[in-house]
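Heads up: the sequence lines are chains A and B, in that order.
Numbering-wise (the numbering used here), the first sequence opens with residue 1 and increments by one.
Numbering-wise (the numbering used here), the second sequence opens with residue 1 and increments by one.
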Amino acid sequence: DIVMTQSPLSLAVTPGEPASISCRSSQRLLHRNGYNYLDWYLQKPGQSPQLLIYLTSTRASGVPDRFSGSGSGTDFTLKISRVEAEDVGVYYCMQALDTPYTFGQGTKLEIK
Amino acid sequence: QLQLRESGPGLVKPSETLSLTCTVSGDSISSYYWSWIRQPPGRGLEWIGYIFHTGSTTYNPSLKSRLTISVDTSKSQFSLRLRSVTAADTAVYYCARHHSGWYEESFPYWGQGTLVTVSS
């Protein structure tokens, strides 16, 4: 299985400030079509996970443009340009290159 | 608007079979892949397996020997059966629809989840 490792596991951010979450995979996530098969999800408190980013950098429908994804190979990053109170929750990266799909441990974002 | 709803017993005894159904409304169950994903209390997400509307399946190898996922297109439902459960199978179980188009690996649609506790 491809192991996904996130860092940090928690972070506290002042509203309006940026935030960054790192995700590293144990194998390259580059598909032969040139895309890196890495997704990001946010699980808000008491809710189901919601898709934020797919294929490393494509925002899902309705996701604000303050969220951006980047990276390639084995190193990926989710950035929030200006954190808002509604962004609290646990962020997960997930590799979709090979089954079984695997998730990172999660990064808990709190507001200072 | 697509809606997914999980249903099934909230309590299952050890060594018995966990059975859940996901009912799809607001869109056709055909032409998509459908997954089950679980989350033990206070922990992270684990992908269980997926099924195509034709009945073709792919399972997580860690669960494959105990797992069956099936689909009933006439009822717009797909189901999960996990045999010989233990306390380690206690989790919130989510059903999800895969992305459409050429990239079908993401999960843009999720059910609300249902908690299944394995206990005598």
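The beta-carbon is built from N, C-alpha and C at its ideal position, and this holds for glycine as well.
Cα separation between residue i and residue j?
i                    : j               : result
serine 35(B)         : serine 7(B)     : 15 Å
arginine 66(A)       : arginine 66(B)  : 42 Å
valine 71(B)         : serine 20(A)    : 40 Å
glycine 26(B)        : isoleucine 2(A) : 34 Å
phenylalanine 107(B) : proline 14(B)   : 30 Å
histidine 31(A)      : tyrosine 103(B) : 11 Å
threonine 68(B)      : serine 84(B)    : 12 Å
alanine 91(B)        : glycine 101(B)  : 31 Å
tyrosine 59(B)       : valine 90(A)    : 26 Å
glutamine 77(B)      : cysteine 22(B)  : 5 Å
Starting from residue i, find everything on chain A with Cβ-Cβ shorter than 8 Å and list it in chain order.
i                 : result
serine 70(B)      : Chain A residues near serine 70(B): none, gap ~18 Å exceeds 8 Å.
glutamine 3(B)    : Here the premise fails: no neighbours, minimum Cβ distance about 12 Å.
tryptophan 110(B) : Ser48, Pro49, Gln50
For the beta strand (DSSP E) containing residue i, name the first residue and the last one.
i               : result
glutamine 95(A) : 89 to 95
arginine 133(A) : In the structure displayed, chain A extends from 1 to 112; residue 133(A) sits before or after that span and is not available.
tyrosine 101(A) : Note, tyrosine 101(A): premise wrong, no beta strand (DSSP E); not H, not E.
glutamine 6(A)  : 4 to 7
Compute the beta-carbon to beta-carbon distance between residue i and residue j, rounded to the nearest angstrom, for a pair I have assumed lies under 8 Å.
i               : j                    : result
leucine 2(B)    : arginine 97(B)       : 7 Å
glutamate 86(A) : alanine 12(A)        : Contact flag wrong, Cβ pair sits at about 16 Å.
tyrosine 113(A) : phenylalanine 103(A) : Since the first residue of chain A shown is 1 and the last is 112, residue 113(A) is not available in this structure.
proline 15(A)   : isoleucine 80(A)     : The Cβ separation is near 11 Å, so there is no contact.
leucine 18(B)   : isoleucine 48(B)     : About 11 Å separates the two Cβ atoms, so there is no contact after all.
serine 7(A)     : serine 22(A)         : 5 Å
Starting from residue i, find everything on chain A with Cβ-Cβ shorter than 7 Å and list it in chain order.
i               : result
threonine 58(B) : Thr99
Taking DSSP's pairing of strands, which residues face residue i in a bridge?
i                   : result
aspartate 72(B)     : Gln77(B)
tyrosine 33(B)      : Phe52(B)
leucine 51(A)       : Tyr41(A)
valine 83(A)        : Answer by DSSP bridge pairing: none, since valine 83(A) is not bridged.
phenylalanine 67(A) : Ile80(A)
valine 116(B)       : Ala91(B)
Note down, in chain order, every chain A residue with its Cβ under 9 Å from the Cβ of residue i.
i             : result
leucine 67(B) : Those within 9 Å of leucine 67(B) in chain A number zero; the least Cβ separation is about 12 Å.
Sorry if obvious, but does the Cβ on residue i come closer than 6 Å to a heavy atom of the ligand PLP?
i               : result
aspartate 39(A) : The ligand PLP is not part of this structure, which contains no ligands at all.
Using the beta-carbon of each residue, which ones in chain B are nearer than 8 Å to residue i?
i               : result
glycine 71(A)   : Residues of chain B passing the Cβ test: none, with the nearest at roughly 16 Å.
glutamine 27(A) : Ordered by position in chain B, no residue passes the 8 Å Cβ test against glutamine 27(A), which lies about 15 Å from the chain.
Starting from residue i, find everything on chain B with Cβ-Cβ shorter than 7 Å and list it in chain order.
i              : result
tyrosine 37(A) : Glu105
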